[in-house]
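Only one structure is covered here, and it is reproduced in the block below.
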Amino acid sequence: MGKFLTVSMLAFGILVGCQASPASTPRDASPKWEYKLTIISFDGTDSGKDGTTKELNKLGADGWEYVNYIAPYTLFRRPRQ
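Residue numbers (the working numbering): 5 to 85.
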């Protein structure tokens with residue numbers, strides 16, 4: 005069983021390794037996205053009028069879209085301008 009698992013993992017690794025590598029695929033050198041990392045405090049009392057909502061609406065109006073939240077940071081991105 006152990007030998008079968010090892011051979012299977014090796015075969016999988018070879019198959020995955022045979023996929024087109026980034027070096028062989030032509031790419032545009034310029035990044036397509038720009039990122040913004042910011043700290044936004046969420047106090048749990050958002051009624052639609054506090055600074056948090058205004059700040060998020062401003063980011064959205066400027067083209068930023070939410071990507072992820074990793075406490076205490078919020079990550080946004082937008083197409084490179």
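C-beta atoms are modelled at their ideal positions from N, C-alpha and C, and glycine is treated no differently.
Computed from a predicted model, the values in this text were never measured in an experiment.
- Excluding the 5 residues preceding and the 5 following residue 37 in the sequence, name in chain order all residues of the same chain whose CB lies nearer than 8 Å to its CB. Same-chain partners within the cutoff: 81, 82, 83 and 84.
- Separation of residue 65 from residue 76, as counted between CA atoms: Between residue 76 and residue 65, the C-alpha separation is close to 23 Å.
- Message: Pop quiz: residue 79 and residue 72 are said to be a contact at Cβ under 8 Å. What is the actual Cβ separation, rounded to whole angstroms?
- Response: Sure, about 5 Å apart at Cβ, within 8 Å.
- Query: By Cβ distance, which residues of its chain are closer than 6 Å to residue 39, with the 5 residues on each side in sequence left out?
  - Reply: Excluding its 5 nearest sequence neighbours in each direction, residue 39 has C-beta neighbours in its own chain below 6 Å: 81, listed in chain order.
- Taking just the CA atoms, how far does residue 35 sit from residue 58? Going from the Cα of residue 58 to the Cα of residue 35 covers about 29 Å.
- Item | residue 40, DSSP secondary structure in three states | Three-state DSSP puts residue 40 in a strand.
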